[in-house]
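Notes follow the structure.
Protein chains: 2
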Amino acid sequence: MRFTSESRLDDGVLERDFTLGGIPGVLWTPGSASAPAPLILAGHPGGLDGMRPRLAGRARHSAEHGFASATIELPGSGDRPRRPAAEQARADLRRAIEAGEPVGEDIVDRLVLPLVDEAVPEWRAALDDLLALPEIGGPVGYSGGVISVGIRLAVVEPRISAAVLFAGSFVPRVMFEEARRVTIPLHVLLQWDDEWNDRQAALDLFDVFGSREKTLHANMGGHTGVPQHAGDAAARFFDRHLK
Amino acid sequence: MRFTSESRLDDGVLERDFTLGGIPGVLWTPGSASAPAPLILAGHPGGLDGMRPRLAGRARHSAEHGFASATIELPGSGDRPRRPAAEQARADLRRAIEAGEPVGEDIVDRLVLPLVDEAVPEWRAALDDLLALPEIGGPVGYSGGVISVGIRLAVVEPRISAAVLFAGSFVPRVMFEEARRVTIPLHVLLQWDDEWNDRQAALDLFDVFGSREKTLHANMGGHTGVPQHAGDAAARFFDRHLK
Chain A
145 MRFTSESRLD DGVLERDFTL GGIPGVLWTP GSASAPAPLI LAGHPGGLDG
195 MRPRLAGRAR HSAEHGFASA TIELPGSGDR PRRPAAEQAR ADLRRAIEAG
245 EPVGEDIVDR LVLPLVDEAV PEWRAALDDL LALPEIGGPV GYSGGVISVG
295 IRLAVVEPRI SAAVLFAGSF VPRVMFEEAR RVTIPLHVLL QWDDEWNDRQ
345 AALDLFDVFG SREKTLHANM GGHTGVPQHA GDAAARFFDR HLK
Chain B
145 MRFTSESRLD DGVLERDFTL GGIPGVLWTP GSASAPAPLI LAGHPGGLDG
195 MRPRLAGRAR HSAEHGFASA TIELPGSGDR PRRPAAEQAR ADLRRAIEAG
245 EPVGEDIVDR LVLPLVDEAV PEWRAALDDL LALPEIGGPV GYSGGVISVG
295 IRLAVVEPRI SAAVLFAGSF VPRVMFEEAR RVTIPLHVLL QWDDEWNDRQ
345 AALDLFDVFG SREKTLHANM GGHTGVPQHA GDAAARFFDR HLK
């Protein structure tokens, strides 16, 4: 992991861009940290440049609760090499949605499964390096989408102790079987009228998670309309489980 | 409204029993109130004596947030005169549940609709007297079940500004039409494995509420297993809407 730039935000949060094996990432650490901070891995749908304002907003909010946050670019997004099969699947998805047709399982599988297979080892490698920094302690949470990335990480990565999952993307049926094997505390955010999400599938997924402690918070509005109070509730979930 | 007893709880909350037209009730006010407190009407399934520990717990938690709480006995419960038709309906409901049969709509209608018709005017009369007390101000929230009582109150009682509804009882289909007319902010609690609740009906009901701001918080466990953090979240909902 090599830091490439840093800036101090007006609330004191230190924002540092880094690169790790050619993958760009960002680390935010609280300005007032006295001890090593617990870490939140901040998931997103890909495209760090476009997502940066929202990710920075989430990170600054988490920093108020004493958490560091880090994210990396997803395979095929931003400046990373294109993944033609994924781009075809994404085009097929858009076409189905715009035509008002049901989204075929094969499209979802082609879009999401290779992404999960490629992204999850990268997040785990990033976690290795992040936890080696003196200013980062544990425990570790995952927050955000792509929800299937969060599911896989929750299953395979024992250093992740709790997760806030955004039910805002299509989930391959095969991921439902992985979801049964998730046992860490979960806090699932669902935008009730999310145009990029199948509400019933999100409820079915919530039902199958194996976690003894799981909470679903559903709010009104579309994909980007998560209300402020929902962010507050997610931060309090991490307060309970990462401190 | 006539107070019949009072006691000071160890956290300073003043607990006063009252009677109003022969209906017993309880009022809890914060120990440290300097200004008239906003009021939460604390709904319950009937049977104040048995419910008192849980209601007092909710009231003490609300008092930490500066709220007064009040409740009254439901028609046919506690020491109030029996309602034979309702008791027959309740027996039919238990029989259906214990036999693993679907609960007929006629049973739910017979159980709930007369209760709503009788209880809501009583809650409104209690509200008249409660708001006349110098230590009670506004605004007013409703919290709890019977959810159909909360729906009706939200529709007909303009002094109620926000409601936390417990999806823990059967809801007559006709109440879904009333639910469409609810416009106040809502916070709906759903116990995912509630043995006294039809989960899909609860989700359908959440969907039809007309409120622009509505949030569903679903947690694991049965009817009485609402976790502490869910109570905290409900209190913060009232913080946002009653202050």
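Chains as they are written, first to last, in our numbering: chain A, 145 to 387; chain B, 145 to 387.
For glycine and all other residues, C-beta sits at the position ideal for the given N, C-alpha and C.
Just so we're clear, the structure is a prediction, and the values are computed from it rather than from any experiment.
Secondary structure within the segment 255-282 of chain A: not one fully enclosed alpha helix (DSSP H) run of 4 or more consecutive residues is present. When the Cα atoms are used, ASP337 (chain B) and ARG343 (chain B) turn out to be separated by approximately 8 angstroms. Flagged as an interface residue toward chain A: LEU360 (chain B), by a C-beta distance shorter than 8 angstroms. Contact note: GLU357 (chain A) reaches chain B through MET364, using a C-beta cutoff of 7 angstroms and chain order. The DSSP-derived three-state label of ILE328 (chain B) is coil.
In this structure, the straight-line span from the alpha carbon of SER313 (chain A) to that of LEU333 (chain A) is close to 12 angstroms.
Look at the segment 280-364 of chain B and you find these whole runs of beta strand (DSSP E), each 3 residues long or longer: 280-288, 304-310, 330-335, 358-363. Residue environment for SER287 (chain A): buried (at least 16 other C-beta atoms within 10 angstroms of its C-beta). Between ASP261 (chain B) and GLY222 (chain B) the beta-carbon gap is near 19 angstroms, outside 8 angstroms, which marks them as no contact. Where PHE381 (chain A) is concerned, the enclosing alpha helix (DSSP H) starts and stops at 372-385.
Comparing alpha-carbon positions, the option among B:SER151, B:TRP267, B:ARG152 lying closest to ILE184 (chain B) turns out to be B:TRP267. Within chain B, the residues HIS373 have their CB atoms less than 8 angstroms from the CB of ARG384 (chain A), given in chain order.
With its beta carbon less than 8 angstroms from one in chain A, ALA377 (chain B) belongs to the interface.
Interface annotation, LEU274 (chain A): not in contact with chain B, CB-CB separation never under 8 angstroms.
For LEU347 (chain A), the chain B residues whose Cβ falls inside 8 angstroms of its Cβ are LEU347, in order along the chain. DSSP places GLY194 (chain B) in the helix class (H, G or I) of the three-state scheme. Between LEU218 (chain B) and GLY190 (chain B) the beta-carbon gap is near 4 angstroms, inside 8 angstroms, which marks them as a contact.
Distances from the CA of ARG202 (chain B) to each of B:PHE382, B:LEU330, B:GLY375 were compared; the closest alpha carbon is that of B:GLY375. Residue range 228-242 is occupied by the alpha helix (DSSP H) that includes ASP236 (chain B), with no beta strand (DSSP E) assigned at that position. The beta carbons of HIS188 (chain A) and LEU199 (chain A) sit closer together than 8 angstroms.
Per DSSP, the unbroken beta strand (DSSP E) holding GLU159 (chain A) starts and ends at 158-164. Looking at the DSSP output, VAL247 (chain B) bridges to nothing.
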